[in-house]
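To start, the structure under review is shown below, and the notes come after it.
Chains as they are written, first to last, in UniProt numbering: chain A, 1 to 325; chain B, 1 to 824.
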């Protein structure tokens with residue numbers, strides 16, 4: 001048996017956020033500047049914009065009044081950034097041509113940990129899902145008009161608890177937006193947004209779900225929770241969710257799960273300071289990235305396959321694993 | 001006198017005269033033919049009265065005469081072996097008992113290998129194969145004929161049963177196969193069945209019969225130890241025959257009843273072992289156990305209490321037999337009471353060997369399985385009292401198997417005797433023994449034991465954890481369907497993931513003093529555990545710092561309690577204590593040995609002290625210990641290139657050095673066996689003597705010579721180990737002397753574990769102290785030890801003790817052998 005290659009080292013490390021990193025997002029790269037930008041949101045409420053070429057922060061955005069930034073997302077058209085903070089505000093930033101100003105903001109009603117999700121086609125209008133006013137509700141907004149389209153409230157006897165993570169998506173064959181929501185009781189529910197009803201719900205974990213990601217081509221998703229296992233579930237033609245299997249981990253607690261855009265591998269951010277990389281199709285463990293010295297809060301993949309992990313130890317590690325051909 | 005009878009006598013006398021003088025074949029033939037009339041079965045038989053007279057008075061004498069004539073020439077007087085045939089027919093057709101006796105007598109009376117002897121032996125073989133043995137026995141059963149005198153019957157009995165021995169003695173190498181016991185006794189069994197068949201026919205015909213002779217034959221054969229051969233044939237045949245007939249049943253019961261008392265034990269033991277189950281035994285024996293005192297004694301006392309050789313199925317047959325009839329069930333209750341009484345007696349626990357204890361326990365469990373609730377309730381108090389006494393003295397024992405036996409029986413018995421009470425549960429690991437015992441406890445048609453349920457069904461969907469990937473090429477189960485992509489897994493070679501462990505707290509202290517602080521006053525349990533885990537490594541890395549606080553550290557560790565159920569706590573604490581002791585042996589050993597006899601320690605702590613001292617001594621005396629001390633020392637250039645531990649850069653650097661270095665010759669970097677002074681030498685005394693000094697002074701809470709014999713046994717073992725490790729040290733001689741005195745004081749200790757410790761201590765004295773010094777300084781002690789060892793080797797109830805004593809004796813012998821060439 002050939003010896004396994006030794007565990008990989010990070011390609012480089014970004015320091016200087018001066019507080020724990022809670023959100024990461026790659027953006028751009030398509031504009032021809034070579035390397036894309038990395039956005040990071042920190043516990044101190046700042047959003048840093050990093051150049052992956054110079055490995056320095058290009059700009060710092062301060063819009064959340066010192067409250068933790070939990071979610072970052074850029075819109076496909078134009079240089080617009082969405083940031084969600086624990087000050088119950090969702091800010092829309094304009095980053096074009098070096099500007100960094102808040103152009104709009106949405107008032108949030110929930111103080112939970114739930115991150116939002118967007119669904120944007122090529123149009124000017126896009127859909128935003130955020131946790132709603134009631135503790136178990138999800139609110140769907142039409143943007144940029146900020147019109148509340150609907151509120152998704154589980155049936156009275158379901159009692160799934162708070163929504164913990166959201167994923168808006170659209171099947172290729174149908175224009176109807178669908179929402180995957182992971183709940184506090186460990187179940188994943190598929191909402192048909194236009195019908196405002198739950199298509200299917202399946203219990204994947206016994207602990208609150210902390211992160212999920214969905215591969216709409218294979219109709220398979222993965223979720224992580226506070227417990228010691230990852231759950232892989234799938235969606236059949238009748239839009240029914242079912243658990244395909246669970247994958248035991250060595251240590252409990254997953255903070256975030258992301259599938260690489262090419263759907264070959266996935267990465268998890270662990271409370272045990274480690275990032276784990278799996279083969280998405282077989283769920284074979286591929287690598288254990290032991291660099292951080294504190295809980296890893298978030299992972300993100302760039303379009304070119306670069307992996308970033310942000311941790312409570314105030315560092316962001318950048319990894320290049322299994323580069324895309 | 002009756003003229004007919006005198007005519008018979010005249011004829012016989014003439015015939016004998018003719019036989020002894022005549023050489024004329026035809027004359028002899030006609031003479032013999034005329035006598036043949038008296039045997040009947042010819043066309044013109046003699047009168048019955050004449051036949052009777054001939055058989056009674058003249059037959060034996062005539063046969064003897066025939067035997068006397070036997071020679072090759074005589075048989076050749078007539079062609080075609082006519083004479084021989086006629087000659088033999090007298091033996092095979094005449095009264096069987098006389099013919100048998102004459103045959104036996106003449107074979108035994110004929111000297112050496114000779115023609116006559118071989119002819120006689122062949123004739124006897126023919127006699128046996130013609131089934132005449134049945135006729136011999138049958139003759140003794142018939143009441144209507146004149147019974148033989150008791151003396152004759154006794155002779156006959158001796159000959160019938162002793163035939164293989166007698167012939168074997170006489171014929172030596174020439175003996176025929178049919179005379180060998182393994183062939184003869186099965187044949188005898190067949191013959192017994194035929195006799196019984198004849199008896200049954202007789203009874204059907206309304207004639208009286210006595211089968212006491214057959215019983216005697218059976219009894220004697222069993223006394224001779226031939227139960228297996230004869231009963232192996234008899235039991236299956238009888239079982240089949242009894243099935244259909246009442247008469248047979250009665251005959252069979254009678255057969256066993258008539259066995260003489262002195263043979264009853266042999267027969268019953270053989271039967272109990274030969275039957276396949278209690279039903280058959282009950283059918284063969286009937287209610288014998290109620291009728292015969294001897295049988296009752298054998299079945300309910302001897303086989304259960306005085307011996308322990310029965311196998312478990314045999315035991316089940318025996319107790320099952322007692323349970324099968326309502327008349328016998330009171331006996332079973334009685335047996336259970338007595339069994340439990342024995343089981344509960346402290347002296348029995350101490351003085352009986354382990355296999356016997358196990359035997360009694362099995363019998364108890366089988367009894368319990370057979371008895372009903374009502375029967376148990378009647379004598380519940382008595383049973384419970386014995387049971388509890390037994391449990392107590394078993395749990396007190398220092399031998400784990402005895403304790404475990406106590407636990408198993410206590411659990412099962414208490415559940416049966418006192419079913420409404422809360423169930424008793426002990427913690428013991430399941431093993432072969434416990435499974436067997438528990439299987440016995442379940443009812444007789446015991447199907448599968450409930451233990452199978454232990455292996456739980458794991459959920460099918462769960463994938464194996466990450467560790468499996470350590471072998472990179474392991475085929476992974478591929479989910480089929482849904483995936484038509486052609487991406488191969490080969491491009492994704494997994495990285496080494498051996499670092500994937502349970503996450504530990506990162507708060508491990510870095511200094512010894514921090515460790516002590518964390519262990520004593522920390523309320524942060526993660527830190528506490530991390531300190532405990534880090535301690536051993538820290539002690540080895542900084543011996544100087546450890547020496548400053550060694551005693552304090554030992555004290556902390558000795559008093560450490562596992563408050564948060566840390567996995568492997570005992571091992572961690574022990575290793576830490578050992579490492580401290582090794583680092584600063586003199587002072588820590590002084591502290592530990594003083595604490596061993598201090599008040600207010602638990603037995604567990606005291607035994608921990610002993611273990612730590614042993615392990616530390618072992619570590620100290622290990623040759624080449626110092627070479628290992630730097631744990632992460634550079635492997636040097638001799639390390640194999642394949643060693644995975646070396647980082648990649650080191651391999652690169654080494655490769656570069658190798659390529660630029662010119663070597664004149666290459667040899668193996670050979671490492672001699674590591675040598676060094678025995679570090680234990682200087683401190684052996686401080687380990688040993690404080691321990692051996694105070695064992696006979698009881699404290700309030702600690703009495704080695706009283707209840708705490710488990711610790712005493714451990715102490716004896718520890719002292720033996722220290723003695724053994726002190727080999728080649730200067731202090732070995734006084735140590736050996738002290739140890740022999742210690743052994744001498746305790747040599748008659750009642751606990752087997754203590755005795756084992758003492759015996760191993762003696763062995764280590766013999767191994768460690770130089771032979772010359774032993775003989776010069778301790779001759780008396782050696783002599784005394786020798787006689788004690790011989791005594792133990794012969795009489796000790798514990799098997800291990802006997803074996804250890806034999807080993808020690810062998811060591812003594814070797815010592816003697818080594819010294820003798822010197823003196824001569």
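Backbone N, C-alpha and C fix where the C-beta goes; we use that ideal spot for every residue, glycine too.
Could you please tell me which residues of the region 183 to 205 of chain A, in chain order, have their CB closer than 8 Å to any CB of chain B?
-> If the cut-off is 8 Å between Cβ atoms, the region 183 to 205 of chain A has nothing near chain B.
Any idea if residue 511 (chain B) is buried or exposed, counting beta-carbon neighbours within 10 angstroms, 16 or more meaning buried?
-> So residue 511 (chain B) counts as exposed.
Check each candidate in B:336, B:315, B:362, B:285 and name the one with the smallest Cα separation from residue 325 (chain B).
-> Of the candidates B:336, B:315, B:362, B:285, the one whose C-alpha sits nearest the C-alpha of residue 325 (chain B) is B:285.
Interface flag, residue 509 (chain B) vs chain A, CB-CB below 8 Å | Judged by the 8 Å Cβ criterion, residue 509 (chain B) is not in contact with chain A.
Host alpha helix (DSSP H) of residue 269 (chain B) (start-end) | Its alpha helix (DSSP H) spans residues 261 to 274.
Expected contact under 8 Å - CB spacing of residue 58 (chain B) and residue 12 (chain B) to nearest Å = Correct: roughly 4 Å between the Cβ atoms.
For residue 84 (chain B), I'd like the list of residues in its chain whose CB is within less than 7 Å of its CB, leaving aside the five on either flank, ordered along the chain.
-> 75.
Indicate the three-state DSSP secondary structure (helix, strand or coil) for residue 611 (chain B) in the structure shown.
-> It is helical.
What are the start and end residues of each continuous alpha helix (DSSP H) run of 4 or more residues lying completely inside the region 651 to 726 of chain B, in chain order?
-> Complete alpha helix (DSSP H) runs here, min 4: 680 to 693, 709 to 725.
Beta-carbon of residue 495 (chain B) versus every beta-carbon of chain A: anything under 8 Å?
-> Yes, its Cβ sits closer than 8 Å to a Cβ of chain A.
Determine, using beta carbons only, whether residue 292 (chain A) comes closer than 8 Å to chain B.
-> For residue 292 (chain A), the answer is no, since every Cβ of chain B falls outside 8 Å of its Cβ.
Could you work out which residue in B:406, B:430, B:431, B:762 is closest to residue 424 (chain B) when comparing CA atoms only?
-> Each of B:406, B:430, B:431, B:762 was checked against the Cα of residue 424 (chain B), and the nearest Cα belongs to B:406.
Over the uninterrupted beta strand (DSSP E) stretch that includes residue 137 (chain B), give me the two end residues.
-> Counting along the chain, no beta strand (DSSP E) covers residue 137 (chain B); the unbroken alpha helix (DSSP H) around it starts and ends at 132 to 141.
Quick one: is residue 311 (chain B) buried, meaning 16 or more other Cβ sit within 10 Å of its Cβ, or exposed?
-> By the 10 Å Cβ count, residue 311 (chain B) comes out exposed.
What do you get for residue 94 (chain B), buried or exposed, if any count of 16 or more other CB atoms within 10 angstroms of its CB means buried?
-> Buried: at least 16 other Cβ atoms inside 10 Å.
Candidates B:210, B:563, B:717, B:705: which alpha carbon is nearest residue 139 (chain B)'s?
-> Comparing Cα positions, the closest option is B:210.
Beta-carbon of residue 650 (chain B) versus every beta-carbon of chain A: anything under 8 Å?
-> For residue 650 (chain B), no CB of chain A lies under 8 Å from its own CB, so it is not counted at the interface with that chain.
Counting pairs of Cβ atoms below 8 Å between the region 400 to 419 of chain B and the region 344 to 358 of chain B, do you hit three or more?
-> Touching, yes, given that three or more Cβ pairs across the two stretches are closer than 8 Å.
Comparing the C-beta of residue 119 (chain A) with each C-beta of chain B, is any distance below 8 Å?
-> So, not an interface residue.
Within its chain, find whatever has a CB closer than 6 Å to the CB of residue 112 (chain A); leave out the 5 residues flanking it on each side and keep chain order.
-> Scanning its chain for C-beta atoms nearer than 6 Å, with the 5 sequence neighbours on each side dropped, one finds around residue 112 (chain A) the residues 131, 162, in chain order.
By Cβ distance below 7 Å, which residues in the same chain neighbour residue 65 (chain A) in space, the five residues on each side in sequence not counted?
-> Closer than 7 Å at the Cβ level, and outside the excluded window around residue 65 (chain A), lie 45, 87.
Cutoff 8 Å: residue 288 (chain A) Cβ touching any chain B Cβ | True, the Cβ-Cβ gap to chain B drops below 8 Å.
Supposed contact pair residue 442 (chain B) and residue 369 (chain B) - C-beta distance, whole angstroms, cut 8 Å = About 7 Å separates the two Cβ atoms, so the contact holds.
Option in A:120, A:47, A:289 with minimal Cα separation from residue 63 (chain A) | If we check each option's Cα against that of residue 63 (chain A), A:47 comes out closest.
Cutoff 8 Å: residue 256 (chain A) Cβ touching any chain B Cβ = Answer no: the Cβ-Cβ gap between residue 256 (chain A) and chain B never drops below 8 Å.
Selection from B:244, B:297, B:313 that minimises the alpha carbon distance to residue 278 (chain B) | For the residues B:244, B:297, B:313, the minimum Cα distance to residue 278 (chain B) belongs to B:313.
Whose C-beta lies closer than 7 Å to the C-beta of residue 181 (chain B) among residues of the same chain, with five residues either side of it excluded?
-> Around residue 181 (chain B): 164, 226, 229.
DSSP three-state assignment for residue 164 (chain B), whether helix, strand or coil | Helix, per DSSP.
Go to residue 193 (chain B), then tell me how far its beta strand (DSSP E) extends in each direction, as first and last residue.
-> Residue 193 (chain B) -> not in any beta strand (DSSP E); alpha helix (DSSP H) instead, spanning 181 to 204.
Answer with buried or exposed for residue 84 (chain A), where buried requires no fewer than 16 other C-beta atoms within 10 angstroms of its C-beta.
-> By the C-beta density criterion, residue 84 (chain A) is buried, having at least 16 other C-beta atoms within 10 angstroms.
Show which residues of chain B have a CB atom less than 9 Å away from the CB atom of residue 159 (chain A).
-> Simply none; closest approach about 26 Å.
Could you list which residues in chain A have their beta carbon closer than 8 Å to that of residue 502 (chain B), in chain order?
-> 250, 251, listed in chain order.
Local Cβ density within 10 Å of residue 702 (chain B), reported as buried at 16 or more and exposed below that = With 16 or more other Cβ atoms within 10 Å, it is buried.
Near residue 10 (chain A), which residues of its chain fall below 8 Å by C-beta distance, leaving aside the five closest residues on each side in sequence?
-> Counting only Cβ-Cβ distances below 8 Å, and skipping sequence neighbours, we find 289, 291, 317, 318, 319.
How many whole angstroms separate the CB atoms of residue 815 (chain B) and residue 774 (chain B), which I take to be in contact at a CB cut-off of 8 Å?
-> Cβ-Cβ separation between residue 815 (chain B) and residue 774 (chain B): approximately 7 Å, consistent with a contact (criterion under 8 Å).
Interface flag, residue 32 (chain A) vs chain B, CB-CB below 8 Å = Only weak support is given to the placement of residue 32 (chain A): the predicted model assigns it a pLDDT of 49, under 50, and the question is left unresolved by the model.
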